[in-house]
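This report concerns only the one structure given below.
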Amino acid sequence: MPYPHEFLDISPDLADNEKFLRQSFENTTDIVFREFYLGEIRCLAVWVDGLVNNRVSHDLFRALMLDVKPERLKQVPAGERLDYVNKHHLPFYATLRVVDMIELRRWVLMHKLILLMDGSPIGLVLDAEATPMRSITEPTLESVVYGPRDAFVESLRINTALIRARLGDVKLKSENFILGRRSNTLVTLMYVEDLARPDIIEEIRSRMKRIDTDAIWDVYQIKESIHDQRWGLFPLMKQTERPDKVVADLLEGRFAILVDGSPQALTAPSLLVEFFQSAEDYYENPIVTAGLRILRYLSLFIACTGLGFYVAVATFHQEMLPIPLIFSVAGARETVPFPAFFEALLLMVVFELLVEAGIRLPRVVGGAVNIVGALIIGQAAVQAGLVSPILVIVIAATAISNFAVSVNYQISNILRLLRLLFLFFAALLGLYGMSLVLLALLIHLAGLKSFGVPYLAPLAPASLIPGETKDVFYRLPKWHIKSRPHFIAGSDLIRDNTQPPSAELGPGSATDADEKGAKK
Amino acid sequence: MGDGKISQRQLAYLFFTILIGTMFFYNPQIVVGTTGQDGWIAYLIATFWGILVALVIVALGRRFPDKTLTAYIPHIIGKPLGKILSLLYTIWFLFIGGGLLAQFANFMNTTIMASTPKMVFIITFVAIAFYAVHSGLEVVVRVNELLLWVIVIATIMVVILPWELMDLRRMLPVGETSIGRLLATSLIAGSWRGEVMMVGMFLPALITLKNTARNLIETVFLVGVMLIAVEISLVTVFGAHLVGDIEVPVFALARMISTARVLDRLEALVLIIWVLATFVKICAFLYCTAQATADTMGFQESRFLLLPISLLFTAIAYNQTVDPAKFIDFLMLTWPGYGLLSFQLVIPLLLLVIASLRGKGEKRL
């Protein structure tokens, strides 16, 4: 129980207890009070309708009413009867004995079934939870071609199970927090004990305990309360809907936070480069991955600066372009009545409107938006002389780059804002203005820390320890990345000791292999 | 400021940028102008001056591991004289930094954005450097760790891409210039290299002093190699006589690039180098000036000094004459005396001698 609360002993007299509960749940139609007798002993079960498995509760009453022999029960002293039932007759895998009425009442609200018996000053909490939920589906935001296809759902238990199923390590610990004075939401903190740094785990515990709010139902609400910065644009904790990503993060010494009701997990400490690593990078040939990563960083650059570049060149630095291109740019812009900045801003805003509309619109009319976007914006705006065709190409290129880089949707939204910033300063001071923005951005990022870990690591501060940069602009094979990231993981730094695969290690050439080993 | 510790590698990177930064903009013109195609020999000698400065300043720093240059000067030569020398160093940082800013603004104003007033460049640049230094020294060195690669790659591109125009015969004859002239020129080139003296202000921020001298010597040497590469590229493309007459030869070199009909007129590369390197240097000078002021005045904290010092930088940069002829004159006649022959090499060397004679500081070398 996280909050200080008053304590109320459970009375041996069931009538008192029932009165208390009925008063608490007055005018509450979704609470079920089920009264029954074991012989002449009066019993009471209470639960929230719909949150308890019908099948299980049916089994419960069957077991109690048919199996319990009233004569045998009468021989047990009155105060110990419920304990006796608990030990001998409850076909439940998890039960909890409670002596506090307030706590018992809260368990009802936390999806449990409670049991009281006349004469026994205790209550039993039975886990028969069956919260309504959807089944496990494919990830929608972080979809991949190869690799696991399951995503988190809204049930905390299922989510922890998805993680535990992949990581059967005795050192994988999970701690529960009950957050939200009114919502009583279960929040789980997971970490691998000998990989996570103890000071970071201590810090997250204390930050979690600082949360004092009425209700929580999504992991983002926790993120906002325990973020390293009050007002920050960049996410210092990573949200993901993929269990495999969480497992990989746990194995690098990070911790994960799961919230009941949220289909996403939160992991930290986070680095900026992580937001450009797709899960798929690890299920694909490293050479191909290197190409894709470079493409991703290139698209990051285009997404941020492409539009600003167009405006800067068209406004300030025409001399930078090759002469034939200058003619075509100037020719295309001849009919445009606006300055390049306004032209770019106009088309950018319209494009962003299209993106937002595409998300909000009901799926059945989504096609209409595509037609409007392609025809009206693309074709008609150019024909009407509002924008130049080259700008349409630039906008399209930045937009496509933005989607290509959005391994993580949070970063992709930030890029949209940064693009506007670059555009504005390009219009103000040309390429010089853009480099000012870039410098300011770098300074800001270099000063950020996520739970004490520099945000730009392992690039700045660059690490001399081999292995730290093997997974940034490219990814080396699994057997090659021998160590965990030193700035995150606490101990057990050796991650992989596999011999590099080699045809010579086959059984046919054992002598060769031995010789090689001897040389080493 | 001062609260963040930096690593050996970060210090080496920082000084790589500081040394290479603005060096090859005005420097080749003077060096090649006076020594012709033998400029690379002058650069080689200058590298040894730089190494000497690094050795002296690290040896001094090792005697006072937890103090900056301006903080330990009074310990060596006594309080009244020491405070005056510290103040002189403070002013040196202030004026060189301000001058750097003036050059930068002037260059931007004359080459790419003629209709934008110089004040715009000065104010925006000081503001961004203020933001960086105010965020802490560790932020500056981290940013530099990223920028360094951009600067190095851009430099290599500028040096290598005009390969079609290069004619190695322009390097001949070798050894035409007299030794005395080479030495005199190396003092000019060496005064840029002597800026490694600033390391005296950064040593207390290091996590460990181990290997500092070796790392700095490597840095100075690598910078020398890169500069010689730039010089050779310039001379082989333009010929020694022409290089001496162009105001910013590297800029002209980048204009000559025309590879595969795609990489055309890459002045932007030089601009990138100039903006990024000047940024790092201004940050370093801002840091040094603030730290030196705090040391001289006896303040524990120097962060609050950043704002007034930034304003001073702005004022100095705005009021400095940047008439190219006068500026080249300054670089040729005044700069060696102001740099290598006093503040960079001779004074620290004297300080080291006095410190070892009077037995000041910890006696470990």
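The listed protein sequences derive, respectively, from chains V and D.
First residue of the first sequence? That's 48 in the working numbering, and the numbers climb one at a time after it.
First residue of the second sequence? That's -5 in the working numbering, and the numbers climb one at a time after it.
All C-beta atoms in this analysis are idealised placements derived from N, C-alpha and C, irrespective of residue type, glycine included.
Computed from a predicted model, the values in this text were never measured in an experiment.
Residue span of the beta strand (DSSP E) that contains residue i, given as start and end
i, result
"LYS77(D)", "LYS77(D) -> not in any beta strand (DSSP E); alpha helix (DSSP H) instead, spanning 73 to 105."
"ARG81(V)", "78 to 85"
"ALA92(V)", "88 to 95"
Cα-Cα separation, residue i to residue j
i, j, result
"PRO49(V)", "LEU131(D)", "Its pLDDT being 47, under 50, PRO49(V) is placed unreliably by the model, and nothing is read from it."
"LEU216(D)", "VAL25(D)", "19 Å"
"SER549(V)", "ILE240(D)", "58 Å"
"SER482(V)", "TRP186(D)", "25 Å"
"SER497(V)", "VAL123(V)", "58 Å"
"ASN460(V)", "ALA451(V)", "13 Å"
"LEU5(D)", "GLU222(V)", "42 Å"
"ALA175(V)", "LEU209(V)", "20 Å"
"VAL132(V)", "ASP275(V)", "50 Å"
"PRO74(D)", "LEU197(D)", "24 Å"
"PHE108(V)", "ASN100(V)", "13 Å"
"ARG249(D)", "LYS354(D)", "54 Å"
"THR272(D)", "LEU8(D)", "12 Å"
"ALA62(V)", "ASP165(V)", "8 Å"
"SER309(V)", "GLY126(V)", "42 Å"
"PHE293(D)", "THR287(D)", "8 Å"
"GLU201(V)", "GLY425(V)", "40 Å"
"THR283(D)", "ALA309(D)", "15 Å"
"GLY564(V)", "GLN546(V)", "Confidence is the limiting factor: at GLY564(V) the pLDDT is only 49, short of 50, which leaves the residue's position unreliable and the question unanswerable from this model."
"LEU503(V)", "GLU321(V)", "10 Å"
Neighbour flag for residue i against chain D, beta carbons, 7 Å
i, result
"PRO49(V)", "With a pLDDT of 47 at PRO49(V), under the threshold of 50, the predicted position of this residue should be treated as unreliable, though the coordinate-derived value follows. So, not an interface residue."
"GLY494(V)", "yes"
"ALA444(V)", "no"
"ILE490(V)", "yes"
"LEU470(V)", "no"
"ALA427(V)", "no"
"ALA487(V)", "yes"
"PRO508(V)", "yes"
"LEU219(V)", "no"
"LEU483(V)", "yes"
Run of the alpha helix (DSSP H) containing residue i, from where it starts to where it stops
i, result
"LYS112(D)", "112 to 129"
"LYS285(V)", "First-last for LYS285(V): 285 to 287, but that is the beta strand (DSSP E), not the alpha helix (DSSP H)."
"THR62(D)", "No alpha helix (DSSP H) contains THR62(D), which DSSP labels as neither H nor E."
"PHE10(D)", "2 to 15"
"ILE458(V)", "456 to 494"
"GLY194(D)", "193 to 196"
Closer than 7 Å to chain V by CB, residue i
i, result
"TYR281(D)", "no"
"VAL244(D)", "no"
"LEU140(D)", "yes"
"THR202(D)", "no"
"ARG164(D)", "no"
"ILE341(D)", "no"
"TYR125(D)", "yes"
"VAL137(D)", "yes"
"ILE273(D)", "Looking at the sequence shown, residue 273(D) is not Ile but Phe. Closer than 7 Å: yes."
"THR253(D)", "no"
"ILE117(D)", "no"
"SER109(D)", "no"
"SER360(D)", "In the structure displayed, chain D extends from -5 to 359; residue 360(D) sits before or after that span and is not available."
"ILE122(D)", "yes"
"LEU300(D)", "no"
Distance cut-off 6 Å: residue i Cβ against heavy atoms of the ligand SAM
i, result
"ILE370(V)", "Ligands in the displayed structure: none, and consequently the ligand SAM is not present."
Query raised in the report: What alpha helix (DSSP H) runs, 4 residues minimum, are completely inside the region 122 to 203 of chain V?
Result: 128 to 136, 148 to 156
Query - Segments assigned alpha helix (DSSP H), at least 4 residues, entirely inside the region 273 to 338 of chain D - result: Runs of the alpha helix (DSSP H) inside the region 273 to 338 of chain D: 300 to 313, 318 to 323, 329 to 332.
**Report entry** In chain order, each beta strand (DSSP E) run of at least 3 residues that lies wholly inside the region 195 to 247 of chain V
**Finding:** Segments of the beta strand (DSSP E) lying fully in the region 195 to 247 of chain V: 219 to 226, 232 to 239.
Query raised in the report: Going along the region 360 to 389 of chain V in order, which residues come within less than 8 Å of chain D, judged by CB to CB distance?
Result: Cβ contacts with chain D come from PHE363, HIS364, GLU366, MET367, PRO369.
Report task. Could I get the ranges of all uninterrupted alpha helix (DSSP H) runs contained in the region 290 to 362 of chain V, with 4 residues as the minimum, in chain order? Result -> 290 to 298, 333 to 362
Query raised in the report: What are the uninterrupted segments assigned as alpha helix (DSSP H) that are 4 or more residues long and contained completely in the region 199 to 245 of chain D, given in chain order?
Result: 206 to 232, 234 to 237
Query raised in the report: Which residues, taken in chain order from the region 274 to 286 of chain V, show a beta carbon closer than 9 Å to some beta carbon of chain D?
Result: none
Query raised in the report: Taking any Cβ of chain V, which residues in the region 85 to 104 of chain D have a Cβ under 7 Å from it, in chain order?
Result: MET102
Query raised in the report: Whole alpha helix (DSSP H) runs in the region 389 to 450 of chain V with 4 or more residues, listed along the chain?
Result: 410 to 418
Query raised in the report: Can you list, in chain order, the residues of the region 429 to 441 of chain V whose Cβ is nearer than 9 Å to any Cβ on chain D?
Result: none
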